[in-house]
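Input: a single structure, listed below in C-alpha cells.
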Amino acid sequence: MHLTDEDIVRSISAHSPEGIEALYDRYGALAHTVALRILSDHGAAEDVVQESFLSVWRRASTFEAGRGSLRSWICTIVRNRAIDRLRGDRNRTRLDSPIESQPTEPAISDPWAAVAIELSGEAVRKALAGLPSEQRQTIELAYYGGYSQSEIATAMEVPLGTVKGRVRIALDKLRGALADLQESPWQTQ
Amino acid sequence: MADAMSCEQSADLIALDAVGALDVDERDALDRHVATCATCRPLVAQYADVVSMLPAALQPVSPPARLRRRLMAEVYGEATGATHLPWWRRLVAAIPSNRALTAAGALAVAAAVALAIWGMSERHGSPAPIAYTVSGTTAQPSVTGSLTVGTGGTQSVLTVHGLAVLPADEVYEVWLVPPHGSGSPKGVAFLSPDPSGGAWTAVVNGSLAGYQTIAATNEPSGGSPGPTGTEVLSGQLGES
C-alpha cells in the first residue's frame, strides 16, 4: 500500500515503529546522501542519519506542516546535525571499514520515491546550472559547507548585503524553475 | 520589543535561514517578525521546500543495509520499552555485526573516545579557519589570493584578485597537485569572476590531505582531464 507523507506523520505521531520504517525507506537515501555530501565520511554520515531518524521518532509531534514538507523537515534535521558534527569533528579518528565491503540497501527502498528522485534530479541539476556561479557557490557554501552569511562574505570578499541578495535571488529563481516539482517528487502525497 | 523589520528585510533573512546561513544575532528579530506577519510566514515553508530540493541534484548514495537494521533495532527496542540496558550492552549493540571487536579495536575505540573528549575540552567556539596564500606565476605576476579551508576541512574557498579576463571559450581550472611521483593533478573547480569586477572565487570540495600544491591554468571551456594551459597561479598547501 502506498503511504502519503501525511500517513507517515500520523503513523509516527502514534508512535508506531512502522512509521519510522516507512519514513526511512522514503527519505533514508536522501538523508544519507546529504550527510555524506557534508561530512565526506561514511561512518559519520551513518551516525548522523541514525541520530536524525531517532530524533524524529522521539519527537514526531513537533513536525509543523506549515513550516514546510516532511522532506524539508528531514533534510533540515540531517543537514543541521551534519554541520554540527562537521564543526566539532576536526580531531575525528576514522574507525569505519571501507564502504565497498559493506552490503548496501537499494538506493531508495520506496519505489514511489525512487521514480520521483530520478525525475527531479535532472530538473534540479538544470535549475542549479542556470544560476550564475556566484549565486550557486553562495548556496553551496551555506547549505553544504555550514558557512554563515558573515563567513561567506569574508571568504568571497563581498559585502554582507551581497550575500543576502545572492541567496534570496538564487532561491527565488530555483523556486520558479522547480515549481512543478515541488508539487510532487520527493513529496509523494 | 517592537518589530522594526520590514517584509523586504525579512524575506532576505528567511532565505538565509533556509540555507542555514542566518547569523545568530538576527534570529530573534526574524522570529518576532514572522510570528506577526501573515505575508512573510508562508515564505518560511516556501524557501524551506526549495532548499530541500537541492540534494536531488546529488547522486544518491546507498546507505549500508546495517544502518536500517541498527535504526530499527533501536526504534523497536524503545517501542517495547527495552531501553534500560547497561551502557556496555548498548555500546556493543551499536557495533555493526560485520565488524569484529578485537582487543586492539577496543583499545582504538577507547583511544578515539579519549581523544574526542580531549578535543572537546580544548575547543572554545569554532576553530579558526586555515588560510593558504596563492600568488601569480610569471604569466600573471600581479595575481594574489588565498585558499581558506572551512571548518571540518572538507570545503575550501579560493579567492583570487588580479586575474586577466579570459576569452569566452576558456576557463580558469583549479587543480590540486600531489607530491612529485605520487599521482596526477586533480581538477577540482573553476574560478568564477565576481560580476561587479572584484575577486574570482572557486569552491573546492573535499579534503586537501595528500596534496602539496594548489594551482590554476587556463583551459578550454568545460575543463580538461589534466592541466594543458598556462599556469597562472599556485600556492603551497601546508604553509599557512
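For the protein sequence lines, the chains are E and U, in the order given. Residue numbers in the first sequence follow my numbering, run continuously in steps of one, and reach 596 at the last position. Residue numbers in the second sequence follow my numbering, run continuously in steps of one, and reach 650 at the last position. For glycine and all other residues, C-beta sits at the position ideal for the given N, C-alpha and C.
Using the three-state DSSP reduction, which class does E/Gly495 fall into: helix, strand or coil?
helix
Which term fits U/Gln646, buried or exposed, when burial requires 16 or more other beta carbons within 10 angstroms of its beta carbon?
By the 16-neighbour rule on beta-carbons within 10 angstroms, U/Gln646 is exposed.
Would you please verify whether the beta carbon of E/Tyr550 is less than 7 Å from any beta carbon of chain U?
yes
Using a Cβ-Cβ distance cut-off of 7 Å, determine whether U/Leu618 contacts chain E.
no
Below 7 Å on C-beta distance, what does E/Ala562 contact in chain U?
Thr558, Val567 and Thr569
Going along the chain, which residues of its own chain have a beta-carbon closer than 7 Å to the beta-carbon of U/Leu464, five neighbours each way excluded?
The answer is none, since no qualifying residue turns up.
Relative to the C-alpha of U/Pro630, which candidate in U/Thr623, U/Thr638 and U/Ile624 has its C-alpha closest?
U/Thr638
Residues near E/Ser557 by beta carbon distance below 7 Å, same chain, minus five either side:
In its chain, beyond the 5 residues on either side, Leu567 have a beta carbon closer than 7 Å to the beta carbon of E/Ser557.
What does DSSP give as the partner residue(s) for U/Thr543 in the beta ladder?
U/Ser556
Whole-number beta carbon distance between U/Ser602 and U/Ala625, since they are thought to touch under 8 Å
Contact between U/Ala625 and U/Ser602 does not hold, since their C-beta atoms are separated by about 17 Å, which reaches or exceeds 8 Å.
Looking only at DSSP bridge pairs, what is U/Asn615 linked to?
U/Gln565
Please report the Cβ distance between E/Ala442 and E/Val455, rounded to the nearest whole angstrom; I am assuming they are in contact, meaning their Cβ atoms lie under 8 Å.
4 Å
For E/Leu581, collect the residues of the same chain with a Cβ closer than 6 Å to its Cβ; drop the 5 residues on either side in sequence, then sort them by chain order.
Ala534
Contact between the region 575-582 of chain U and the region 558-565 of chain U: three or more CB pairs below 8 Å?
Too few Cβ pairs lie closer than 8 Å, so no.
Tell me, please, whether the CB atom of E/Ala536 is closer than 7 Å to any CB atom in chain U?
Chain U, which has no Cβ nearer than 7 Å to the Cβ of E/Ala536, makes this no.
Buried or exposed, going by whether 16 or more other CB atoms sit within 10 Å of the CB of U/His590?
Under this definition U/His590 is an exposed residue.
Of all Cβ atoms in chain E, is any one closer than 7 Å to the Cβ of U/Thr611?
At least one chain E Cβ lies under 7 Å of U/Thr611.
Validate contact between the region 450-470 of chain U and the region 412-430 of chain U using beta carbons, cut 8 Å, 3 pairs:
yes
Between the Cα of U/Lys596 and the Cα atoms of U/Gly633, U/Pro473 and U/Ser545, which residue gives the shortest distance?
U/Gly633
Using the beta-carbon of each residue, which ones in chain E are nearer than 9 Å to U/Met482?
Pro424, Ile427, Glu428 and Tyr431
Three-state class that DSSP yields for E/Ala422 in the structure shown
According to the sequence displayed, residue 422 of chain E carries His and not Ala. Three-state result, E/His422: coil.
Residue range of the unbroken alpha helix (DSSP H) whose run includes U/Ala688:
Any answer about residue 688 of chain U is impossible in this case: the structure gives chain U only from 411 up to 650.
Partners in chain E for U/Val460, counting only beta-carbon separations shorter than 9 Å:
Ser479, Leu578, Asp579, Leu581, Arg582, Leu585 and Gln589
Just mark E/Asp448 as buried or exposed, buried being the case when its beta carbon has 16 or more other beta carbons within 10 Å.
Taking every protein chain shown into account, the CB of E/Asp448 has 16 or more other CB atoms within 10 angstroms, so this residue is buried.
So U/Pro637 contacts chain E; which residues on that side make the cut at Cβ distance below 7 Å?
Per Cβ cutoff of 7 Å: no residues; U/Pro637 is ~21 Å from chain E at best.
Under a CB-based cut-off of 7 Å, is U/Met415 close to chain E?
no
Return the chain-ordered list of same chain residues with a C-beta closer than 7 Å to the C-beta of U/Tyr401, the five sequence neighbours on each side being excluded.
Since the first residue of chain U shown is 411 and the last is 650, residue 401 of chain U is not available in this structure.
Taking buried to mean at least 16 other C-beta atoms within 10 Å of its own C-beta, is U/Gln469 buried or exposed?
exposed
Cutting at 7 Å between CB atoms, please list the residues of its own chain near E/Ile576, excluding the five before and the five after it.
So the qualifying residues of the chain are Gln542.
Going along chain C in order, which residues have a C-beta closer than 9 Å to the C-beta of E/Arg444?
Note that chain C does not occur in the displayed structure, where the protein chains are E and U.
Interface flag, U/Ser644 vs chain E, CB-CB below 7 Å:
no
Contact belief for E/Gly528 with U/Ala467 at Cβ below 8 Å, rounded distance in angstroms
6 Å
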